[in-house]
Ligand code: 6PG
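Residue numbers (my numbering): 52 to 292.
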């Protein structure tokens, strides 16, 4: 298995661990380089952690030095209920003193291929080529997808592009996603995984053969970065104790 696995006793403990990971990574990055660049994950798992960062942990982060990006986005307008940006804004970004110019959302409202090219250019201009995040927060679906790298999808072919526009048959919609090239250049990647519905696939992912086309989350292997799996007890239920 790549990286460090931490099993948390409950969903609440997982939430705290994700929020603490954000706080510590921000403190270290700002101390060393003056800014903290993070790619947020979408989905449900991180919502409670984002809310905690906007509330109890709010004063623990120097928000004026934080730059927020996204690992993936649904191809919908920012006000659409499916938008990862909307979720992050409503739980976190709209409640902390982060500078609006430091929030870098993927333009899900634009033509997908154009939006992907534009975001790749933004990443290069702000984080270098290849772009290097201080922290990428990722989740894992019950099918082993991460970001919007879904089983069998072509973004798994590691190529020069940094952001891809993909049509995901499973959800019958277009998505924007960073590619493995971006994920694996991060200084740190934290996967936050909770719920019994993830238990079987997590065992296959961590203890089964390397099959990244089947389980895209297996491509997560930072080249020169720290990988942490934060998993609650329910999701860890099938892992060897
Ligand atoms: C998204 C996410 C996606 C998510 C997983 C897990 O856009 O939905 O980027 O990759 O992390 O689907 O989602 P849950 O946290 O809701 O289980």
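Ideal Cβ positions, reconstructed from N, Cα and C, are used throughout, including at glycine.
Going along the chain, which unbroken runs of the beta strand (DSSP E) with 3 or more residues stay wholly within the region 79–153? Within the region 79–153, the complete beta strand (DSSP E) segments of 3 residues or longer fall at 87–91, 117–121, 123–125, listed in chain order.
Pick out whichever of 280, 287, 227 has its Cα sitting closest to the Cα of residue 166. 227
Tell me which residue opens and which closes the alpha helix (DSSP H) that residue 244 is part of. First-last for residue 244: 239–244, but that is the beta strand (DSSP E), not the alpha helix (DSSP H).
Assuming contact is defined by CB atoms lying nearer than 8 Å, are residue 243 and residue 97 in contact in what I supplied? yes
Could you tell me the distance, in whole angstroms, from the CA atom of residue 230 to the CA atom of residue 200? Looking at the two C-alpha atoms, the distance is approximately 8 Å.
May I ask whether a heavy atom of ligand 1 can be found less than 7 Å away from the beta carbon of residue 196? yes
Is DSSP giving residue 178 helix, strand or coil here? helix
Sequence-distant residues of the same chain with beta carbon closer than 6 Å to residue 287, five excluded per side: A distance below 6 Å between beta-carbons, with the five flanking residues on each side excluded, links residue 287 to the following residues of its chain, in chain order: 58.
Take residue 100 and list the residues in its own chain whose beta-carbon comes closer than 6 Å to its own, dropping the five residues that flank it on each side. Apart from the 5 residues on each side of it in sequence, residue 100 sits with its Cβ closer than 6 Å to the Cβ of 66, 69, 70 in its chain, given in chain order.
Status (buried if at least 16 other CB within 10 Å, exposed otherwise) for residue 259: exposed
Helix, strand or coil for residue 257 per DSSP? helix
Taking 6 Å as the limit between beta carbons, can you name the residues of its chain near residue 128, skipping five residues before and five after? The answer, listed in chain order, is 160.
In angstroms, rounded to a whole number, what distance separates the CA positions of residue 88 and residue 114? 11 Å
Under the DSSP definition of a beta bridge, which residues are partnered with residue 218? 225
On the CB-based measure, 16 or more other CB atoms within 10 Å of its CB, does residue 274 come out buried or exposed? exposed
Rounded C-alpha distance that separates residue 122 from residue 261: As the crow flies, the alpha-carbon of residue 122 is around 23 Å from that of residue 261.
Selected residue, minimal CA-CA separation from residue 141, among 117, 173, 106, 110: The candidate whose alpha carbon is nearest that of residue 141 is 106.
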